[in-house]
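When you line the sequence shown up against the numbering used here, it's residues 253 to 561, in that order.
All residues carry an ideal CB built from backbone N, CA and C; glycine is no exception.
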Amino acid sequence: MADDVIAAGVVGVGYLGKFHAEKYAASSKATLVAVVDIDEARAREIGDLVGAPVFNDYRALIGRVRCVSVAVPTRFHFQVARDFIEAGIDVLVEKPLTADIAEARDLVAAAEANNAILQVGHLERFNPAIRRLEGVIKEPKFVECHRLAPFVERGTDVDVVLDLMIHDIDVISSLVRSSVERVEAVGVPVLTDKPDIANARIKFANGCIANVTSSRVSVKRERKIRFFQPDAYISIDYDQRRAQIYYKPAPGAGWLGIRAENIEIKEGDALADEIDSFLDCVRTRTQPLVGGSEGLRALEIASMISAQL
Numbered sequence: 253m254a255d256d257v258i259a260a261g262v263v264g265v266g267y268l269g270k271f272h273a274e275k276y277a278a279s280s281k282a283t284l285v286a287v288v289d290i291d292e293a294r295a296r297e298i299g300d301l302v303g304a305p306v307f308n309d310y311r312a313l314i315g316r317v318r319c320v321s322v323a324v325p326t327r328f329h330f331q332v333a334r335d336f337i338e339a340g341i342d343v344l345v346e347k348p349l350t351a352d353i354a355e356a357r358d359l360v361a362a363a364e365a366n367n368a369i370l371q372v373g374h375l376e377r378f379n380p381a382i383r384r385l386e387g388v389i390k391e392p393k394f395v396e397c398h399r400l401a402p403f404v405e406r407g408t409d410v411d412v413v414l415d416l417m418i419h420d421i422d423v424i425s426s427l428v429r430s431s432v433e434r435v436e437a438v439g440v441p442v443l444t445d446k447p448d449i450a451n452a453r454i455k456f457a458n459g460c461i462a463n464v465t466s467s468r469v470s471v472k473r474e475r476k477i478r479f480f481q482p483d484a485y486i487s488i489d490y491d492q493r494r495a496q497i498y499y500k501p502a503p504g505a506g507w508l509g510i511r512a513e514n515i516e517i518k519e520g521d522a523l524a525d526e527i528d529s530f531l532d533c534v535r536t537r538t539q540p541l542v543g544g545s546e547g548l549r550a551l552e553i554a555s556m557i558s559a560q561l
C-alpha cells in the first residue's frame, strides 16, 4: 500500500454504514481494509458489495487501520469510538456524537489526550447549498427551518430531535456563532414511544431567534431553511437545490430597490465530500470542519430541547 493511501474501516454497515463503505472503496485516498457488523449476514453482504474482508468484532480493526467510520446505533457510539481513539485511530462518528452529554465530553477529551482526529457526521455542513452561501449568511437575526420526512424504522432509537433536528441545530449554531440563552420546545410521539414531531424556539445570546420544526411522520419530504438578516433574506430549499436571496434596498430606494438573486445549486455528493475531508484531516493532522467540540455543542443544544419534550 502506498504511504499516502490511508487504511480505513467501517464499523456498522446498516443503512448509513453501507454508504460509508462505498465511499471509502471508491476513494483514491483510502483503502477499505474491512467492514464490521455484528450481523454476520449483513457484514458479508456489504463486504461482497465493496470487495472488502468482514469482521463481526470491531476490535479486530485495531492495528489494521489508521481511521474508521463508526455508524453503529447511537447508544454504542461512545464505547466503540473511545476504543479506537485510545488505540490512536482517527474516528468519523455518525451524528449525534453520543447518546448523552457526559459521554460526548469524555469522548472529546479522549481525542484531545490521544491526539486523535474526531469528526462528527453532520452531513449538512457539506451540503453544496450551505457551502455556497456560507459567505452570504452573516449575523442572522431570525432563522426558520423545516425538516419533514416520511416515517422509516431507522433512527427510532432516539427522538426526532437527535434523529433529524440536530442536523439543523448544527448548521444554525455554526452560522449564528453565539451561545444559547434559552429554548422552548414541544414534541409529540406518534408512531414510536419517543417524540416523532417537534418544534423548538432557540434564543441565542446575540439576540438571534431560531424556530426549528422537525418531523419523521410527515406525508411528504421537505427540507427548507430561511435566514433573515439586516441586509438580506436568504431562502434555501435543500431538496430542490435552489436558493433565493433578496437584498435590502439602499436608503430611500423603496421596495423597487429590492434586488433578487436566484441560485441553482449544483448537485453534489455531501457524504463523499465529508469522507474526503476526513481523510485529508487524517493525513495532514488538521482539525475537521465538524470536530468533536462542534458535535458536542450541537448535542448540548439538542439535549436542552429534548429535556422539554
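Can you give me the Cβ contacts of residue i inside the same chain, cut-off strictly under 6 Å, excluding the 5 residues immediately before and after it?
i: residue 276; result: 260, 282 and 284
i: residue 553; result: 421 and 432
i: residue 455; result: 433, 434 and 461
i: residue 488; result: 381, 477 and 495
i: residue 485; result: 498
i: residue 453; result: 436 and 463
i: residue 525; result: 378
i: residue 520; result: 380
i: residue 514; result: 496
i: residue 391; result: 481
Nearest CA to the CA of residue i: which residue from the options?
i: residue 292; options: 555, 266 and 280; result: 266
i: residue 461; options: 377, 365, 395 and 315; result: 395
i: residue 518; options: 274, 349, 366 and 384; result: 384
i: residue 402; options: 538, 526 and 467; result: 467
i: residue 480; options: 356, 492, 527 and 397; result: 397
i: residue 338; options: 359, 256 and 418; result: 359
i: residue 315; options: 470, 341 and 407; result: 341
i: residue 302; options: 349, 311 and 288; result: 288
i: residue 363; options: 375, 263, 343 and 538; result: 343
i: residue 330; options: 312, 350 and 551; result: 350
i: residue 309; options: 262, 556, 482 and 390; result: 262
i: residue 490; options: 400, 556 and 470; result: 400
i: residue 407; options: 390, 389 and 445; result: 445
From residue i to residue j, what does the alpha carbon distance come to, in whole angstroms?
i: residue 548; j: residue 353; result: 7 Å
i: residue 522; j: residue 380; result: 7 Å
i: residue 404; j: residue 393; result: 34 Å
i: residue 325; j: residue 409; result: 8 Å
i: residue 429; j: residue 297; result: 43 Å
i: residue 345; j: residue 295; result: 18 Å
i: residue 512; j: residue 279; result: 39 Å
i: residue 328; j: residue 499; result: 46 Å
i: residue 533; j: residue 378; result: 15 Å
i: residue 202; j: residue 424; result: Outside the shown range of the chain (253 to 561) lies residue 202, about which nothing can therefore be said.
i: residue 447; j: residue 561; result: 7 Å
i: residue 322; j: residue 558; result: 24 Å
i: residue 347; j: residue 368; result: 18 Å
i: residue 415; j: residue 290; result: 22 Å
i: residue 465; j: residue 387; result: 25 Å
i: residue 286; j: residue 336; result: 15 Å
i: residue 472; j: residue 450; result: 16 Å
i: residue 356; j: residue 546; result: 11 Å
i: residue 426; j: residue 458; result: 14 Å
i: residue 507; j: residue 482; result: 15 Å
i: residue 271; j: residue 389; result: 30 Å
i: residue 528; j: residue 441; result: 37 Å
i: residue 492; j: residue 417; result: 19 Å
i: residue 313; j: residue 550; result: 29 Å
Please go through the same chain and pick out, in chain order, the residues whose beta-carbon is closer than 7 Å to the beta-carbon of residue i, but skip the five residues on each side of it.
i: residue 502; result: 509
Please classify residue i as buried or exposed, where buried requires at least 16 other C-beta atoms within 10 Å of its C-beta.
i: residue 536; result: exposed
i: residue 540; result: buried
i: residue 371; result: buried
i: residue 269; result: buried
i: residue 443; result: exposed
i: residue 475; result: buried
i: residue 365; result: exposed
i: residue 505; result: exposed
i: residue 332; result: buried
i: residue 413; result: buried
i: residue 300; result: exposed
i: residue 376; result: buried
i: residue 411; result: buried
i: residue 516; result: exposed
i: residue 273; result: buried
i: residue 304; result: buried
Excluding five sequence neighbours on each side, which residues of the same chain lie with their C-beta closer than 8 Å to the C-beta of residue i?
i: residue 258; result: 281, 282, 283, 318, 319, 531, 534 and 535
i: residue 419; result: 347, 374, 375, 376 and 399
Taking 6 Å as the line, does the beta carbon of residue i fall inside it for any heavy atom of the ligand GDP?
i: residue 454; result: As presented, the structure is devoid of all ligands, the ligand GDP included, so that no description of it is given.
Beta strand (DSSP E) runs contained entirely in the stretch 276–345, provided each spans 3 or more residues
282–288 and 319–322
Would you mind listing the beta strand (DSSP E) stretches within the stretch 485–549 that are 3+ residues and don't spill past its ends, in chain order?
494–499 and 511–516
What runs of the alpha helix (DSSP H), each 4 residues or longer, lie entirely inside the stretch 362–412?
380–385
At 3 residues or longer, what runs of the beta strand (DSSP E) sit wholly inside the stretch 433–477?
449–456 and 461–467
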